[in-house]
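The structure appears below as structure tokens.
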Amino acid sequence: MQRLIAVVRLLLAALELAAVLTLLVSAVRGSRVSNLLSYFTIESNILAAVMLTITAVVVLRGGSTLGRTLTLWRGLATFSMVATGIIYVALLRNVDVQTGSEWTNTVLHYLMPIVLLVDWLITPRARIALRTAAWWLLFPLAYFAYSMIRGPIVDWYPYPFMDARIHAAGAIAVTFVVLGVGMAALAAVLTLLPSPEPARDLAATDQQI
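Position 5 of the sequence shown, counted from 1, bears residue number 5 in the numbering used here, the numbering being contiguous throughout.
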């Protein structure tokens with residue numbers, strides 16, 4: 001069964017990358033590649049496709065998914081994708097965020113967040129501490145810093161809620177504090193979800209971050 005699931009992972013990763021590449025082709029035609037790659041959605045989906053592929057290869061080669069490093073990176077991909085799905089549905093569903101056709105939008109914002117969450121739930125993994133999962137928050141924090149620094153330079157922001165041209169700094173700060181609290185809660189929930197098999201505590205064999 002695990003080998004079958006691994007093959008499904010590869011197929012879904014291919015679908016995900018196909019959606020991203022479709023958007024990249026359109027972006028090249030419109031000279032918008034740097035903007036497209038500056039979407040959290042795109043960055044998260046690329047990470048997710050990479051981790052689905054790596055996990056599948058590990059399983060197909062007879063390896064274990066209980067490794068410390070693999071679990072942490074799978075967790076980051078899952079965290080990022082679930083956050084992407086939630087934020088899109090809550091704040092961006094009716095906003096034009098250059099997601100191309102209906103099928104690419106469905107794959108990147110709806111299907112893959114669910115896929116990553118299900119994969120996290122059904123795949124044995126190492127147990128990680130809450131303080132370790134807190135490192136996942138560095139990704140959205142770095143993304144926020146990058147977007148707010150780049151925005152004034154190129155006169156473009158990926159999402160309306162961070163657009164300093166239409167929102168005051170205080171309003172943007174409040175939005176990101178709220179999103180930050182929500183993401184911290186999401187990281188905690190993902191960490192505390194039980195593994196489908198008895199998880200190997202990282203502390204037993206590896207030093208935690």
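Beta carbons are placed, not taken as given, at the ideal position from N, Cα and C, and that holds for glycine.
Compare the C-alpha of residue i against each of the options and name the closest.
i, options, result
"A188", "R131, L11, M51, Y157", "R131"
"P140", "T69, I128, M81, V89", "M81"
"I172", "M148, R32, P152, L192", "M148"
"F176", "Y143, T191, P152, R150", "Y143"
"P196", "L76, R165, I122, A129", "I122"
"R74", "D119, A129, V8", "D119"
"T191", "R3, V154, A129, T69", "A129"
"V8", "P152, L76, L21, V59", "V59"
"E16", "L111, E102, P194, N94", "L111"
"A1", "E102, T78, G62", "Here residue 1 is Met; the residue named in the question, Ala, does not match the sequence. Cα-wise, what sits closest to M1 is G62."
"R68", "V178, I5, N94, R125", "R125"
"Y146", "S34, V174, I5, S64", "S34"
"L70", "A90, G180, L47, L92", "L47"
"T55", "M183, P194, A90, I5", "I5"
"A194", "I86, L92, R127, S64", "For the record, residue 194 in the displayed sequence is Pro; it is not Ala. Out of I86, L92, R127, S64, R127 has the C-alpha closest to the C-alpha of P194."
"A19", "H167, N45, R3", "N45"
"L22", "L179, E102, G85, R3", "With the sequence shown as reference, residue 22 is identified as Thr, and Leu is not the correct amino acid for it. Nearest C-alpha to T22: E102."
"R165", "T78, R150, L179", "R150"
Where do the ends of the alpha helix (DSSP H) carrying residue i lie?
i, result
"N45", "40 to 60"
"V20", "2 to 29"
"W120", "112 to 122"
"I149", "138 to 154"
"F176", "169 to 192"
"V33", "33 to 36"
"A90", "Neither: A90 is in no alpha helix (DSSP H) and is coded neither H nor E."
"W103", "102 to 106"
Cβ of residue i within 7 Å of any heavy atom in the ligand FAD?
i, result
"F79", "You won't find the ligand FAD in this model; it holds no ligand whatsoever."
Mind checking if residue i is an interface residue toward chain C, Cβ cutoff 8 Å exclusive?
i, result
"I54", "This model lacks chain C altogether; it includes just one protein chain."
**Q.** Cβ contact check for the stretch 104 to 120 and the stretch 12 to 21: 3 or more pairs under 8 Å
**A.** The stretch 104 to 120, when compared against the stretch 12 to 21, does touch it at the 8 Å Cβ threshold.
Q) Just checking, does the stretch 24 to 39 make contact with the stretch 47 to 59 on the three C-beta pairs under 8 Å criterion? A) The answer is no - the stretch 47 to 59 does not touch the stretch 24 to 39, with fewer than three Cβ pairs under 8 Å.
(Q) Check whether the stretch 125 to 142 and the stretch 102 to 109 are in contact - that is, three or more C-beta pairs closer than 8 Å. (A) no
Q) Would you say the stretch 29 to 44 touches the stretch 140 to 158, given that touching needs at least three Cβ pairs under 8 Å? A) Contact between the stretch 29 to 44 and the stretch 140 to 158 is present, with at least three C-beta pairs closer than 8 Å.
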